[in-house]
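Undergrad: Below is a structure I'd like to ask you about.
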Amino acid sequence: VISSFYSVFLPLLVDSGEGQLPVLYGVELLGSVCGVIVLFLVGGLGLQTVFVIYAMGLLLILTALKIQPLPLFALTVACILWLILLPNVNKWSNAVWYMQIHNLPSGTTTLFSGYSAYQKVDVLQGSRGERYLFLDGLEHFGGVDGSQLNVILGQIPSQLLQPENALVIGAGSMEMAAMIADHAGLVTTVEIDPAVVDASLRYFDLVNRMSSLDNRRIVIDDAKHYIANTSDRYDLVSTDTPAAYAIQTATLYSASFYQAIAARLNPGGVLAANLTSDFAPDDVVSRRVAASLLTAFDEVIVVTSNSAGWSFAYASDDLPFDRVDIENALRASGETGFIIFDTPAVRAVVGDARPITLDSMDIVLRISLDWIQDRWN
């Protein structure tokens, strides 16, 4: 929309510019630079603020060009209406997009949509009151599969361990942290993006119970930095992180990161991690994540959940529970279709798959390609 204005409509508002091409082109470049500066300076206040400044700048330019009063008045009214209607139009179009692309139920509405320094954060509500959290357009919480993920990574290991001190890496809806808090002394959630924490506190209190649980704390920090610098030790660490669609998140599945976590675990402590896909001999991604875990821990048990749709791992140098304990806990949670791989079986499936390392991030391209293929299929 903006580029069409500059390339099609703006030339109609100025003289032919004969002999003034360098000046006009310089003004265009200056405007582009000013626009970027405005975006960086006030972008954190929201796109609505940026749009207001852009609209005011446009009107000032047209005033300087001595546009006739009537067209200028009409354009001013149009800008005002646009700025008033834009938030609601954005929310409506955002909900329509998610209904079409992610098959959310008809009648879904947008409760919140905004950009942080790290990603786009969207909270939507279905016609029956169910809520969804999307980060950069990818579903992070919503429906049965999202809750079952939190059960496997949070509720089950905390039930079996009864940890005194637990850590959750990544906030999301913070339902996982609430499930752990029911069985733990203290639960710390570390999250890099304050916008995700704010959205979770504001819209997901029903599932995360932050307003009623007093054994919780939130730390805004990069997980790698936090793990490297904390002096605390943990009985349970659970990861609630997005799949490795970018290098930044891929590092959270690397061998070095898992080794850093292992160094912060108490004896018999457990890491619960998401393999982000279905663990199988023909699935490269889950095998490489499991290979990374095997570089840091002596024992790795993998659970494939039909209801959650993914595989998950429990890793430790000395697992305090066995597959029978896991089976019983899964059945008690309502999980009926699952497969459990003990450590020898995990090693056999991993085979020659390479661990994910900081100097080999090709996993990002593979995951992104798989996502694109799934989307087209």
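Under this note's numbering, the first residue of the sequence shown carries the number -17, and numbering increases by one thereafter.
Glycine is no exception: its CB is placed at the ideal position from the N, C-alpha and C atoms.
Given the structure is predicted, the values throughout are model-derived calculations rather than measurements.
Can we say the region 134 to 149 touches the region 224 to 231, given the rule of at least three CB pairs closer than 8 Å?
TA: no
Undergrad: On the premise that Val219 lies in contact with Leu195, defined as a C-beta separation below 8 Å, what is that separation, rounded to the nearest angstrom?
TA: That pair is no contact at about 19 Å.
Undergrad: DSSP on Phe239, reduced to helix/strand/coil?
TA: helix
Undergrad: Which residue comes first and which comes last in the beta strand (DSSP E) that contains Tyr97?
TA: 91 to 97
Undergrad: Whose C-beta lies closer than 6 Å to the C-beta of Ala255 among residues of the same chain, with five residues either side of it excluded?
TA: In chain order, Thr221, Ala295 place their CB closer than 6 Å to the CB of Ala255, counting only its own chain and leaving out the 5 sequence neighbours on each side.
Undergrad: When the Cα atoms are used, what is the spatial distance from Val(-17) to Ser287?
TA: In this predicted model, Val(-17) has a pLDDT of only 44, less than 50, meaning its place in the structure is not dependable; the value taken from the coordinates is given anyway. If I take the Cα positions, the gap works out to 46 Å.
Undergrad: DSSP three-state label for Phe33, please.
TA: helix
Undergrad: Among the candidates Leu247, Leu168, Phe22, Asp187, whose CA atom is the shortest distance from the CA of Tyr97?
TA: Phe22
Undergrad: Flag this pair as touching only if the region 261 to 269 and the region 87 to 105 have three or more C-beta atom pairs under 8 Å; answer yes or no.
TA: In this structure the region 261 to 269 does not lie against the region 87 to 105, because fewer than three pairs of beta carbons, one per stretch, are closer than 8 Å.
Undergrad: Just the Cα atoms here: how many angstroms apart are Val59 and Val133?
TA: 53 Å
Undergrad: Could you check if Leu52 is buried or exposed, using at least 16 other CB atoms within 10 Å of its CB as the buried criterion?
TA: exposed
Undergrad: In the DSSP output, which residue or residues are listed as bridge partners for Asn256?
TA: Phe294
Undergrad: Just to check my reading of the structure: Thr277 and Pro337 have Cβ atoms closer than 8 Å, yes? What is that Cβ distance to the nearest angstrom?
TA: 5 Å
Undergrad: With a threshold of 7 Å on Cβ separation, who are the neighbours of Ile209 within its own chain once the five nearest residues in sequence on each side are excluded?
TA: Cβ within range, chain order: Ala242, Ile243, Arg246.
Undergrad: Would you call Glu10 buried or exposed, if buried means 16 or more other Cβ atoms sit within 10 Å of its Cβ?
TA: exposed
Undergrad: Pull up the distance between the alpha-carbon of His84 and that of Thr92, whole angstroms please.
TA: Roughly 14 Å separates the two Cα atoms.
Undergrad: Using C-beta distances below 7 Å, list every residue in its chain close to Met158, excluding the 5 sequence neighbours before and after it, in chain order.
TA: Non-local beta-carbon contacts of Met158 in its own chain, meaning distances under 7 Å to residues more than five positions away in sequence, involve Asn132, Leu135, Gly136, Val150, Ser220, Asp222 in chain order.
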